[in-house]
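Residue numbers (my numbering), protein chains in the order written: chain A, 23 to 120; chain B, 23 to 120; chain C, 23 to 120; chain D, 23 to 120.
There are 4 protein chains.
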Amino acid sequence: MAERLPESEITTALAALPGWTYDLAGGCLKRSYTFRDFVEAFGFLAQLAALQERMNHHATITNTYAQVAVQLSTHDVGGVTERDLTLARALEERALGH
Amino acid sequence: MAERLPESEITTALAALPGWTYDLAGGCLKRSYTFRDFVEAFGFLAQLAALQERMNHHATITNTYAQVAVQLSTHDVGGVTERDLTLARALEERALGH
Amino acid sequence: MAERLPESEITTALAALPGWTYDLAGGCLKRSYTFRDFVEAFGFLAQLAALQERMNHHATITNTYAQVAVQLSTHDVGGVTERDLTLARALEERALGH
Amino acid sequence: MAERLPESEITTALAALPGWTYDLAGGCLKRSYTFRDFVEAFGFLAQLAALQERMNHHATITNTYAQVAVQLSTHDVGGVTERDLTLARALEERALGH
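Structural data, given as structure tokens:
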């Protein structure tokens with residue numbers, strides 16, 4: 023099982039993930055994306071859906087029109103693990119320019 | 023433009039939409055769905071995406087794995103209109119049994 | 023790696039998968055689904071997309087409005103393997119009633 | 023109802039749509055896209071799904087892993103109309119770089 027990462031490791035990893043923040047109280051990583059419109063936002067959500075199933079790791083996602091907010095957390099350990107960072111990195115690749 | 027509906031009309035309409043509630047303070051309709059797993063939840067979200075574009079009316083959606091929460095509101099009028107009820111009815115048809 | 027199945031095993035397996043046929047020349051399994059409309063068809067396609075990534079096994083899919091045709095084949099072995107049957111069974115579960 | 027366009031108008035319009043061809047015998051416009059992987063292809067398919075419902079105009083789509091082939095035709099008139107060109111232009115915007 024993935025281990026819960028200490029805050030220092032998370033902070034170091036986030037230096038390479040601009041836009042992402044660590045919510046210490048919530049024990050999760052967070053990022054919001056703003057797309058051009060709903061169509062583009064949904065194109066991103068569809069990629070996120072496929073990535074989640076591939077990695078067997080699921081985010082909490084909130085969408086309103088062109089806005090997408092993502093929260094990543096590993097519920098089994100009540101915090102952030104390498105799996106959350108891996109999914110965050112994959113999302114950055116898929117949302118280039120946003 | 024769609025008109026903001028009075029609470030009495032919303033309450034009457036919701037009698038035919040079990041599971042949906044009216045959030046007076048938030049000025050929106052709400053419903054949560056629990057699906058079998060993420061795959062099924064995403065099948066519903068995809069239908070919801072297509073319906074939103076068809077109707078040119080967009081919800082606020084939160085998803086975590088098999089859970090989908092929907093909030094419907096007409097932002098132009100700061101409340102609930104016939105367009106929200108129409109989308110709620112369409113969702114009920116698409117999520118039969120959940 | 024999954025092994026190519028002999029025709030006799032495929033035929034036996036298809037007895038439990040009504041609607042699916044084995045295309046001997048094409049070396050694939052086939053099924054067509056007709057949904058109520060595009061929205062419902064897309065709900066199925068979205069589930070299929072998620073299943074494909076989860077299983078790391080991809081179909082050939084053709085869609086026009088409410089029609090979805092699926093072809094399953096394991097390209098590495100040039101024929102049908104247990105992986106194709108597993109995906110076919112998963113699709114049947116997701117498309118109940120169609 | 024949209025009118026069937028003569029070949030000369032279609033040819034002129036396609037000059038601004040590199041990658042698209044006119045299939046005279048089939049009475050349709052065609053283009054194939056190759057994406058990086060299935061995830062990216064599905065992100066495009068999801069945008070296409072939303073656009074189709076918004077425009078109430080549906081394509082014939084074939085997908086295998088990272089490959090997406092699109093055929094556009096207006097069935098009511100048995101040929102290509104302005105609606106097909108509009109959808110083709112919208113797809114080009116959404117698939118920039120592919």
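Backbone N, C-alpha and C define an ideal beta-carbon position, used for all residues, glycine too.
It should be emphasised that the depicted structure is a prediction, and the values quoted were computed from it without experimental measurement.
Chain-ordered chain F contacts of residue i [CB-CB under 8 Å]
i                : result
Arg-76 (chain A) : Here the protein chains are A, B, C and D, and chain F is not one of them.
Beta-carbon neighbours of residue i, restricted to chain C and to distances below 7 Å
i                : result
Thr-33 (chain D) : The contacting residues do not exist; Thr-33 (chain D) stays about 25 Å from chain C at best.
C-alpha gap between residue i and residue j, whole angstroms
i                 : j                 : result
Leu-109 (chain C) : Pro-28 (chain D)  : 44 Å
Leu-107 (chain B) : Ala-35 (chain B)  : 8 Å
Ala-72 (chain B)  : Ser-30 (chain A)  : 42 Å
Phe-64 (chain D)  : Gln-89 (chain D)  : 10 Å
Met-77 (chain D)  : Arg-76 (chain B)  : 8 Å
Val-61 (chain B)  : Asp-59 (chain A)  : 25 Å
Tyr-87 (chain B)  : Ala-91 (chain D)  : 31 Å
Tyr-44 (chain A)  : Leu-39 (chain B)  : 39 Å
Phe-57 (chain A)  : Ile-83 (chain A)  : 15 Å
Lys-52 (chain A)  : Asp-98 (chain B)  : 29 Å
Ala-37 (chain C)  : His-79 (chain C)  : 22 Å
Glu-114 (chain B) : Leu-118 (chain C) : 18 Å
Tyr-55 (chain D)  : Tyr-55 (chain A)  : 26 Å
Own chain residues within Cβ distance below 6 Å of residue i, not counting five before or after
i                 : result
Glu-104 (chain C) : Ala-24
Ala-112 (chain C) : Leu-73
Chain D residues whose Cβ lies nearer than 8 Å to that of residue i
i                : result
Val-61 (chain C) : Glu-75
Ala-71 (chain C) : Phe-60, Phe-64 and Leu-67
Own chain partners of residue i with C-beta closer than 8 Å, once the 5 adjacent residues on each side are dropped
i                 : result
Gly-100 (chain C) : Arg-26 and Gly-49
Residue from the options whose Cα sits closest to the Cα of residue i
i                 : options                                       : result
Thr-96 (chain D)  : D:Val-61, D:Ala-81 and D:Thr-86               : D:Ala-81
Thr-33 (chain B)  : B:Glu-115, B:Ala-117, B:Glu-114 and B:Val-102 : B:Val-102
Ala-12 (chain A)  : A:Gln-69, A:Leu-70, A:Gln-93 and A:Glu-115    : Outside the modelled stretch of chain A, which goes from 23 to 120, sits residue 12 (chain A), for which no answer is possible.
Arg-116 (chain A) : A:Leu-70, A:Arg-53, A:Thr-56 and A:Trp-42     : A:Leu-70
Chain-order list of residues whose beta-carbon lies under 7 Å from that of residue i (same chain, five-residue window excluded)
i                : result
Asn-85 (chain C) : Ala-63 and Leu-67
Gly-41 (chain C) : Arg-53
Listed by chain order, chain D residues near residue i by CB distance under 7 Å
i                : result
Thr-86 (chain C) : His-80 and Thr-82
Residue i: CB within 7 Å of a non-hydrogen atom of the ligand ADP
i                 : result
Val-102 (chain A) : Within the structure as shown, the ligand ADP is missing, as the structure has no ligands at all.
Original post:
In chain order, which continuous runs of the beta strand (DSSP E) of length 3 or greater are located wholly inside the stretch 50-101 of chain C?
Top reply: Counting only runs of 3 or more, we get 50-56, 82-86 and 89-94.
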